[in-house]
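Right, one structure below, let's go through it.
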Amino acid sequence: MKEIREIIRERRSIRSYEEKPVPEQAIARILEAARWAPSALNHQPLRYIVVSDGNLIRDLSMRTIARAGKVIRWLPVLRLFKRTLRDAKLVDVMRERAASTSGDPIFYRAPLLVLAVADRKGYHAETDLGYAAENMLLEATAMGLGSCVIGFASLLNMDRQAGKILGIPRGSRILAGIVFGYPKSHPAPPQRREDCLINRIGQ
Ligand SMILES: Cc1cc2nc3c(=O)[nH]c(=O)nc-3n(C[C@H](O)[C@H](O)[C@H](O)COP(=O)(O)O)c2cc1C
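Below is the structure:
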């Protein structure tokens, strides 16, 4: 059995998948890993929607791109506001990826999409998502599966019909998607900063 530190180092964001489906048992293990994540006040605000229908995943990609297109059209206006510069950068990144990911720059033709959904009034839900997501990513890595967090999936909140198709409860919103599948290749790790320690105090 692999040590946790090996699994942490091995995990990579995978953007190219085999057409092979993810077994039900593996899906159950991924959700179980999420269920055991810590949450603020043990509020457990997250629920999950699991999609393994390839046609629907592609449809959701198109819907996300359409929503991003609206953001792009509004960029000249949005750029007037400093806060939205970050969003502008996201759209630039997506444009780049569209050219390099066989036509699906959102969910990368992955066979499995898990959407994390939270109550709009959720307390610290975004922070809780981080812990739950990492548990899922590490569990997937331990099973030889690739994965990638898809922040762009939250654009689907702007698409009412997508909300209906997915069965998102009223008053809830998608925080992120995570795709899973068997990786076609294992990319080299992107650079990590060396200087993560600000200070070391005490013996
Ligand atoms: C909150 C969050 C949102 C992300 N959204 C996307 C996304 O929409 N599309 C994508 O390809 N990667 C996305 N990523 C993956 C990051 O690009 C990736 O983790 C980072 O480049 C480091 O690479 P690594 O995961 O291989 O270590 C996201 C990661 C996080 C944590």
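The letter at position 177 of the sequence shown is residue 827 when you use my numbering, and the numbering goes up by one with no holes. All C-beta atoms, glycine included, are put in the ideal place defined by N, C-alpha and C.
Under 7 Å between C-beta atoms of residue i and residue j
i                 : j              : result
leucine 806       : alanine 812    : yes
arginine 717      : methionine 808 : yes
phenylalanine 802 : isoleucine 756 : yes
isoleucine 680    : glutamate 789  : yes
aspartate 754     : serine 689     : no
glycine 796       : proline 837    : no
valine 829        : alanine 775    : no
threonine 791     : isoleucine 654 : no
Contact belief for residue i with residue j at Cβ below 8 Å, rounded distance in angstroms
i             : j              : result
leucine 762   : serine 835     : Not a contact, Cβ separation roughly 18 Å.
glycine 817   : proline 695    : Contact flag wrong, Cβ pair sits at about 18 Å.
alanine 676   : methionine 793 : 5 Å
glutamate 668 : glycine 831    : 7 Å
Proximity winner among the options, relative to residue i (alpha-carbon distances)
i              : options                        : result
isoleucine 815 : Ala792, Lys670, Leu706, Asn692 : Leu706
arginine 665   : Tyr758, Arg810, Leu847         : Tyr758
arginine 662   : Arg842, Ile824, Cys798, Arg810 : Cys798
arginine 842   : Met651, Arg659, Lys652         : Arg659
tyrosine 781   : Asn692, Ala678, Lys670, Pro671 : Asn692
isoleucine 800 : Gly821, Leu825, Met712         : Leu825
proline 671    : Gly704, Ala683, Met651, Gly719 : Gly704
Paired residues, beta bridge with residue i - DSSP
i             : result
aspartate 769 : Ser822
arginine 697  : Val767
serine 797    : Ser663, Phe830
leucine 762   : Phe830
Residue i CB to nearest heavy atom of ligand 2 below 6 Å
i            : result
arginine 685 : Looking at this structure, you won't find ligand 2 anywhere; what it does contain is ligand 1.
Decide yes or no for the touch test of the region 764-772 against the region 684-699: beta carbon pairs closer than 8 Å, at least 3 of them.
Yes: at least three Cβ pairs fall under 8 Å.
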